[in-house]
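Note sheet for the following structure.
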Amino acid sequence: DTEVTQTPKHLVMGMTNKKSLKCEQHMGHRAMYWYKQKAKKPPELMFVYSYEKLSINESVPSRFSPECPNSSLLNLHLHALQPEDSALYLCASSQGGARTLVNEQFFGPGTRLTVL
Amino acid sequence: QKEVEQDPGPLSVPEGAIVSLNCTYSNSAFQYFMWYRQYSRKGPELLMYTYSSGNKEDGRFTAQVDKSSKYISLFIRDSQPSDSATYLCAMSPLSGGSYIPTFGRGTSLIVHP
């Protein structure tokens, strides 16, 4: 299985809602990532988990809360979002770890989020 | 100056043309180079990766790295309308650990029949 899956594909939420994005991979990768991508822009890193521990938080507002329940799953909990948070949210995974010399990332299809 | 520069295009070519997509970079520590293809409203798909200067070929795609000039290219031969997508270059150091790639902004390619 060489796939990263994400659910839901589309999400529309109000500014007072609480929702979660889910990501799953079964490639045995130990690093997982959340990216945000606006139209015609490159992916913008939000969080990195390495061996289920949060290793990078790129100064993301607290209304975004990541969670890594196990080595295959990654969640992004959303609360009190703003309309400017509307974007494509991408999950990626890579082998990761100190013994890995190369680190190509495999991306999921993304969740298209619209905040009203 | 951004670490990775990539012309956003769009680049419009006729079917069958040879396409050249390029990125320049400023960080000498970058040793590992990747090309991703992203269709509209989809996640990026890893096309090719290389960590040495020179050429690497895979079917219609050739990745080229010139570390002395800090310049990388992706060539697409016999381009098809299905190649129409945004092509992102990405690069990272090669020293172990969980290094995060730095992405270019992507070049939009349109191949018209």
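Protein chains in written order, with the working numbering: chain D, 275 to 390; chain G, 4 to 116. Virtual Cβ for every residue (Gly too), placed ideally from N, Cα, C.
Checking 7 Å against the spacing of the C-beta atoms, do residue i and residue j come in under that value?
| i | j | result |
| --- | --- | --- |
| F381/D | G107/G | no |
| L352/D | K293/D | yes |
| L24/G | T110/G | yes |
| A361/D | Q379/D | no |
| K73/G | Y28/G | yes |
| P13/G | I113/G | yes |
Within the same chain, show all residues whose beta-carbon is closer than 6 Å to that of residue i, passing over the 5 residues directly before and after it, in chain order.
| i | result |
| --- | --- |
| I330/D | V322 |
| G288/D | L390 |
| D359/D | V389 |
Distance, Cα to Cα, residue i vs residue j?
| i | j | result |
| --- | --- | --- |
| D69/G | E277/D | 32 Å |
| I75/G | E6/G | 13 Å |
| P11/G | H115/G | 18 Å |
| E18/G | Q83/G | 5 Å |
| C26/G | S43/G | 21 Å |
| L91/G | P316/D | 8 Å |
| S56/G | D86/G | 25 Å |
| I103/G | I21/G | 31 Å |
| R63/G | T290/D | 49 Å |
By the 10 Å Cβ neighbour count, where 16 or more other Cβ atoms means buried, how is residue i classified, buried or exposed?
| i | result |
| --- | --- |
| Q356/D | exposed |
| H284/D | exposed |
| T279/D | exposed |
| H300/D | exposed |
| T385/D | buried |
| E332/D | exposed |
Leaving out the 5 sequence neighbours to the left and right, which residues in its chain are closer than 8 Å to residue i when beta-carbon positions are compared?
| i | result |
| --- | --- |
| N344/D | E326 |
| V16/G | V22, S82, L112, I113, V114, H115 |
Within its chain, find whatever has a CB closer than 7 Å to the CB of residue i; leave out the 5 residues flanking it on each side and keep chain order.
| i | result |
| --- | --- |
| V286/D | T388, L390 |
| F338/D | M320, L350, L352 |
| N30/G | E6 |
| A88/G | R40, Q41, Y42, L112 |
| Q9/G | C26, C92, G107, R108, G109, T110 |
| A32/G | P96 |
The beta strand (DSSP E) that contains residue i, what's its start and end?
| i | result |
| --- | --- |
| V389/D | 385 to 389 |
| D359/D | D359/D -> no beta strand (DSSP E), and no H or E assigned at all. |
| G57/G | 57 to 61 |
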